[in-house]
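The block underneath contains the structure these notes are about, expressed in structure tokens.
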Amino acid sequence: MKELQHLNKYLLKYKTQLLVGVIITIAARLFLLYTPRYVKQIFIVIENYSKGLITESIFEKQLLEAILYIVGAAIIGGILTFFMRQAIINVSRYIEFDLKNEVYNQYQKLSLNFYKKNRTGDLMNRITEDVSRVRMYFGPAIMYSINTITLFVIVIIYMVSASPKLTLYTIVPLPILSVVIYKLSKEIHKRSTIVQQYLSNLSTYTQESFSGISVIKAYGIEPRTSVNFKSLASESKEKQISLARVQAWFFPMMILLIGTSNLLVIYIGGMQYINGEIESIGTIAEFIIYVNMLTWPVATVGWVTSIVQQAEASQKRINEFLKLEPEIKNTVDTHTIIKGAIEFKNVSFTYDDTNITALNNISFNIDEGKSLAILGKTGSGKSTILDLIGRLYDIDNGEILIDSKNINTLNLTDLRDSIGYVPQDAFLFSDTIKNNIKFGKQDATDDEVIEAAKYAQVHKNIIKFNNGYDTKLGERGITLSGGQKQRVSIARAIIKSPNILLLDDCLSAVDTETEEKILKNLEKISKGKTSIIVSHRVSSAKNADKIIVLDNGEIVQEGTHDALINVDGYYKHLYLKQLSETNQKDD
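Structure (structure tokens):
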């Protein structure tokens with residue numbers, strides 16, 4: 001139960017509703033317990049009538065009264081049971097909602113390193129399957145636990161008052177039941193943890209397969225992926241069956257022990273009646289009803305125990321992530337106005353997950369409102385610079401200054417609000433094109449959306465769709481071509497009108513003519529704003545105020561376009577190569 005202690009705050013939050021549910025539960029059980037007492041009364045009335053102790057009219061009157069009491073108590077108990085379920089089960093849904101939000105908010109806070117080390121399918125499984133299992137702890141587990149405790153206390157009191165000796169024989173199997181439950185519960189906890197781990201593996205494989213379905217089809221490896229899925233599903237099935245085998249012992253054991261209690265009631269009670277130790281055979285009938293009333297609650301003890309064990313196993317998995325401290329923290333409460341001057345001083349950075357040094361002691365600066373282009377081979381550290389400016393990672397050594405202030409001393413929200421970022425792999429959400437562009441500015445008007453799309457040279461493409469800007473995109477924007485996705489992503493950054501614009505090789509999928517138009521538009525709208533463009537094309541970099549060339553995380557060239565094409569090096573070779581390719585296309 002240690003892992004479930006994290007949930008105590010939710011019990012306190014909804015204590016009023018739970019208390020009402022407990023009171024209603026006790027009241028419902030009290031009314032339902034009228035049934036065995038009046039069944040006994042019916043037997044006594046019948047016995048009195050058969051012995052001639054009461055007249056026929058009194059017999060009919062007392063019999064009718066007993067039946068009406070039984071029916072009335074059953075109706076009231078049923079109504080209270082309905083409200084009991086409404087009170088307690090609803091609370092479990094509220095807590096499920098709160099816990100999912102807590103997990104999701106924690107996911108939002110965790111850094112990119114966390115997502116590199118953990119798989120999406122596993123993250124999804126913890127916020128869905130695991131949270132659902134925890135909800136069962138708050139709903140059925142609490143409700144049936146209260147129900148069982150109430151019945152046991154009240155029923156045992158009634159049974160002892162009717163016949164202490166018969167009660168003693170009746171509850172003999174219960175200690176055995178407790179030992180069995182304890183042994184089985186430990187095994188269920190162990191197997192539940194394994195089941196959840198295998199479900200995570202299955203979810204991860206499925207999510208990756210669906211996300212990469214185009215690659216799977218292009219390579220014709222559907223049979224292989226199906227075999228792999230079947231293998232994972234089979235392993236998961238075996239673990240589920242292994243858990244089910246243990247759980248399957250509960251109900252047979254409950255029924256066996258309750259049946260044993262019934263036999264003891266009938267035999268011992270019958271002997272007591274014959275020996276005159278109990279006054280009426282109705283007492284035996286009353287005890288049989290009591291024992292059978294305990295049958296379902298006792299049977300649910302096993303089920304509830306199983307629920308609690310599974311909930312603890314799931315909460316343990318959830319707690320693993322909830323206890324993680326975000327690597328990137330916003331430690332500044334005061335708001336910061338970001339103008340856009342950027343300086344790197346002897347910055348070094350190594351990725352934790354791969355131990356690859358992306359940047360090694362680099363230094364450069366960009367004045368406010370100026371532009372910088374970064375070129376270099378694949379893996380030279382270009383994108384890393386943009387990630388560090390947005391403080392998606394914290395550096396190992398050196399210092400990053402924004403407006404002459406250490407980046408760690410700036411309000412993180414204000415910093416990122418001031419940045420418009422277009423990633424190398426344009427990511428679009430499964431929403432309309434309009435909402436994807438408005439993602440950069442939620443309160444943008446339709447005119448602003450259209451204007452941003454025009455600047456990004458994608459407006460003409462959008463209006464050709466049947467639903468125009470209201471066209472719903474597939475997952476990750478699969479409805480659009482690579483170039484269209486990049487341009488919508490650019491429009492999303494433009495509409496934000498940021499003080500710092502970061503473009504990470506975001507024109508690689510567009511033709512040269514469109515690239516030129518977009519660059520001219522960007523030059524126009526980014527006046528007075530700091531902009532950094534990462535590219536493999538000299539055409540994207542040549543108009544920048546400053547150009548730096550990276551190689552293996554180090555700056556090997558720095559200057560303007562005119563200066564660099566006159567110096568033998570990577571930039572000049574790239575320029576001549578791309579110029580030659582352009583001339584060949586023109587020919």
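Going by the UniProt record's numbering, the sequence shown opens with residue 1, and the numbers climb by one from there.
No residue lacks a Cβ here, since even glycine has one placed at the ideal position from N, Cα and C.
- In the structure shown, GLU327 falls within a coil segment according to DSSP collapsed to helix, strand and coil.
- Each residue's CA atom was taken as its position, placing ASN466 and THR432 some 12 Å apart.
- With the rule of 3 Cβ pairs closer than 8 Å, the segment 53-66 does not count as touching the segment 107-127.
- Between PHE114 and LEU415, the C-beta spacing is not below 8 Å.
- Judged by pairs of C-beta atoms under 8 Å, the segment 130-141 does not touch the segment 218-229, as fewer than three such pairs exist.
- Going by beta carbons, VAL179 and GLN240 fall outside the 8 Å limit.
- The criterion of a C-beta distance shorter than 8 Å is not satisfied by GLN424 and LYS517.
- Checking the DSSP bridge columns, you'll see SER261 has no partner listed.
- A residue is called buried once 16 or more other Cβ atoms fall within 10 Å of its Cβ, and ILE500 is buried on that count.
- Counting the other Cβ atoms within 10 Å of the Cβ of SER234 gives fewer than 16, which makes it exposed.
- When THR305, ASP545, SER363 and ASN552 are compared, the shortest CA-CA separation from THR560 is found for ASP545.
- Where PHE82 is concerned, the enclosing alpha helix (DSSP H) starts and stops at 56-109.
- Distance from the Cα of PRO164 is smallest, within the candidate group THR530, THR283, HIS6 and LYS496, for THR283.
- The shortest CA-to-CA distance from THR514 to any of LYS454, ASP470 and LEU564 is the one to LYS454.
- ASP394 is the residue among SER418, THR305 and ASP394 whose C-alpha sits nearest the C-alpha of LEU110.
- Between PHE287 and VAL265, the beta carbon gap of about 5 Å places them in contact (Cβ cut-off 8 Å).
- Taking the Cβ atoms as the reference, GLY528 lies roughly 5 Å from GLY369, within the contact range of under 8 Å.
- For TYR421, the enclosing beta strand (DSSP E) covers residues 419-422.
- Taken through DSSP and simplified to helix, strand or coil, ASP470 comes out as helix.
- Its chain contains ILE565 as the residues whose beta carbon lies nearer than 6 Å to that of LYS572, once the 5 sequence neighbours on both sides are disregarded; these appear in chain order.
- Following the DSSP letters along the chain, one finds LEU112 inside the alpha helix (DSSP H) bounded by residues 112-117.
- Collapsing the DSSP output to three states places ILE518 in a helix.
- Here the C-alpha atom of LYS2 lies approximately 21 Å from the C-alpha atom of GLN106.
- Measuring C-alpha to C-alpha distances from VAL556 to each of LEU359, ILE149 and LEU63 identifies LEU359 as the nearest.
- The beta-bridge partner set that DSSP reports for SER371 consists of SER531.
- The C-alpha of ASP367 is placed about 16 Å away from the C-alpha of SER418.
- Just so you know, the alpha carbons of ALA341 and ILE402 end up roughly 6 Å apart.
- Per DSSP, the continuous alpha helix (DSSP H) segment holding ASP447 begins and ends at 446-455.
- The beta carbons of ILE289 and VAL39 sit closer together than 8 Å.
- For the beta strand (DSSP E) assignment, the uninterrupted runs of no fewer than 3 residues enclosed by the segment 375-429 are, from N- to C-terminal side, 397-402 and 419-422.
- Put simply, of GLU47, LEU507 and LYS382 the residue whose alpha carbon is nearest the alpha carbon of VAL549 is LYS382.
- The bridge partners DSSP lists for PHE349 are LEU359.
- Under the 10 Å beta carbon count, PRO326 is surrounded by fewer than 16 other beta carbons and is classified as exposed.
- CA-CA distance, GLY390 to SER242, rounds to 48 Å.
- SER192 places its beta carbon less than 8 Å from that of GLN310.
- A distance below 8 Å between beta-carbons, with the five flanking residues on each side excluded, links SER404 to the following residues of its chain, in chain order: ALA341 and GLU343.
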